[in-house]
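This report refers to the structure that appears directly beneath it.
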Amino acid sequence: MARVATDITLPDRLGGWGVRWGINRMHYTVAAGLYAVGQPGSQSPVLVSANYKLTFDQLRRELAGRDVWLLLLETFGINVWCAAGKGTFGTLELINRINRTGLPTLVAHRTLIVPQLGAPGIAAHEVKKATGFKVHYGPIRAEDLPEFLDRGMEVTPAMRRARFNLRDRLVLIPVEVVQAWKPTLIICLLIVVVCAFAVRDFRFFSLLPVGLPPTVLYLVALLAGSVVTPILLPWIPGRAFSLKGAQVGLLSAILAALVMGSTWKVADLVALLFVVPAITAYFALNFTGCTTFTSLSGVEKEMRIALPVIILAFVVGVVVWTVGLLT
Amino acid sequence: MSPRYLKDVVTLQLDEERCSGCGMCTQVCVHGVFAVSKSIAHLVDRDACMECGACARNCPVEAVSVRSGVGCAYAVWKSWFRRKKEGGEVGSACS
Ligand code: SF4
Ligand code: SF4
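Top line first, the protein sequences correspond to chains A and B.
Numbering of the first sequence is given in my numbering, commencing with residue 1098 and proceeding in unit increments.
Numbering of the second sequence is given in my numbering, commencing with residue 11 and proceeding in unit increments.
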């Protein structure tokens, strides 16, 4: 069993920062098993978590100065919430980990504190039946752990409820932007090809004046969809994410038209009003995966309706723009 | 309160006849969908459900059912193509 340092070092910080930007995000692991924070004894509480390094760093920071056992399940470097959904943070793994680490001989009590977000993977009654340990669901957020422990393991209603405030949304944005590289590449290629055909010239300096405006507009649409929409999410009218994104996109398109409109052809302006909302709607739809309140059935329904509309609007816009270039 | 998603879409079902009123579902749900009164659980905010499956998995008498998965466009997208090939399950893509 390993003893845990509770101070976070510079490499920890750098690694965490990289993870948030999507660099080496997956499989940022620590070894699964039992860890001692401080000097835990037979009466010390046992906290269960995932072997995801970011979670582990957060836990040891919150637990500084306390004596607790930390039982990390093998989730292959995935956080508790996602691992519980996949089943790796699950009943069987917990039962096995309890037995393999010899936990029953180390502690006299029979209570495990499992994060509430791990509940989709853990059947508390089955753990109890198999090991004698009672699963007590603790707070959702690690930052509430000190208060939870100080209250004698009592969970307040606020600790039980999902939260999705501005700060929660802000930390998700970097990954959103980085993950957009694939569509970004495709769209940039599309722009180059269409422009090259339109001006019948493949040299960079001939392409630049035709290609630059649509590229800038795409970037505006990307930012509107993956940065502005998430930030303003609760205040944009409607419930469907694509609809929220489309509104932000339409507004951005109108703004762009007002700024640059006088030098533009009608075809460009029409294309703008179709393509930008389509792209922002698409990125907004992607943001459903980052939230804690969208259901599978809801997302399926939204995609069935929104995707055809998004694709249609995009195609119409691109065709109008291409025709405008050729005439 | 967290923001709301679409109305009347979730697959969550509660069989009140079976419920023993243990309150496990109220403890695991992060959206306050359940409340226990008079020793029986009730769905007090069904539309807030995100279909995570925690309640169904932790109900000792199997009074709750839900088709669980992740409400993530990317996961749904992947499952649409996977299902055609091998009939895979919906909703786990954050690997
Ligand atoms: S599936 Fe999850 S969100 Fe829905 S009621 Fe059950 S615990 Fe709550
Ligand atoms: S977990 Fe099941 S038995 Fe317990 S209160 Fe909820 S529905 Fe009833």
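Virtual Cβ for every residue (Gly too), placed ideally from N, Cα, C.
Being a predicted model, the structure only gives us computed values, none of them experimental.
Query: Whether B/A83 touches A/N1383 by CB criterion (9 Å); Result: yes
Query: Interface residues of chain B facing A/E1397 [CB-CB closer than 7 Å]; Result: V86
Query: Contact check, A/A1378 vs A/S1349, beta carbons under 9 Å; Result: no
Query: With 16 other Cβ atoms within 10 Å as the buried cut-off, status of B/A103; Result: Its pLDDT being 46, under 50, B/A103 is placed unreliably by the model, and the measurement read from it follows with that caveat. So B/A103 counts as buried.
Query: Cβ neighbours of A/Q1140 in the same chain (closer than 8 Å, five flanking residues each side left out); Result: V1204, A1205, H1206
Query: Same chain, Cβ closer than 7 Å to A/G1184, five either side skipped, listed in chain order; Result: G1218
Query: Proximity test, A/M1400 beta-carbon vs ligand 2 heavy atom, cut-off 8 Å; Result: no
Query: Pocket of ligand 1 (residues with CB nearer than 6 Å to any heavy atom), chain order; Result: B/L22, B/V38, B/C39, B/H41, B/V43, B/C59, B/M60, B/E61, B/C62, B/G63, B/A64, B/C65, B/V76
Query: Closer than 9 Å at the beta carbon, the chain B residues around A/M1250; Result: Residues of chain B passing the Cβ test: none, with the nearest at roughly 13 Å.
Query: Pairwise C-alpha distance: B/K17 and A/R1100; Result: 49 Å
Query: Under the three-state DSSP convention, the category A/R1158 falls into; Result: helix
Query: Buried or exposed (CB count within 10 angstroms, at least 16 for buried), A/A1318; Result: buried
Query: Within-9 Å CB hit, B/E26 to chain A; Result: no
Query: Residue-chain proximity (B/H41, chain A), Cβ-Cβ < 9 Å; Result: yes
Query: Spatial distance of B/G97 from B/L53 (CA atoms); Result: Since pLDDT at B/G97 reaches only 44, below the 50 mark, its modelled position is unreliable, and no value is offered.
Query: Contact under 9 Å by Cβ, A/W1418 with A/A1337; Result: no
Query: Distance cut-off 8 Å: B/V9 Cβ against heavy atoms of ligand 2; Result: Examination of residue 9 of chain B is not possible in this model, given that chain B is present from 11 through 105 alone.
Query: Min CB distance B/C62 to chain A below 9 Å; Result: yes
Query: CB contact flag (B/V38, B/C65, <9 Å); Result: yes
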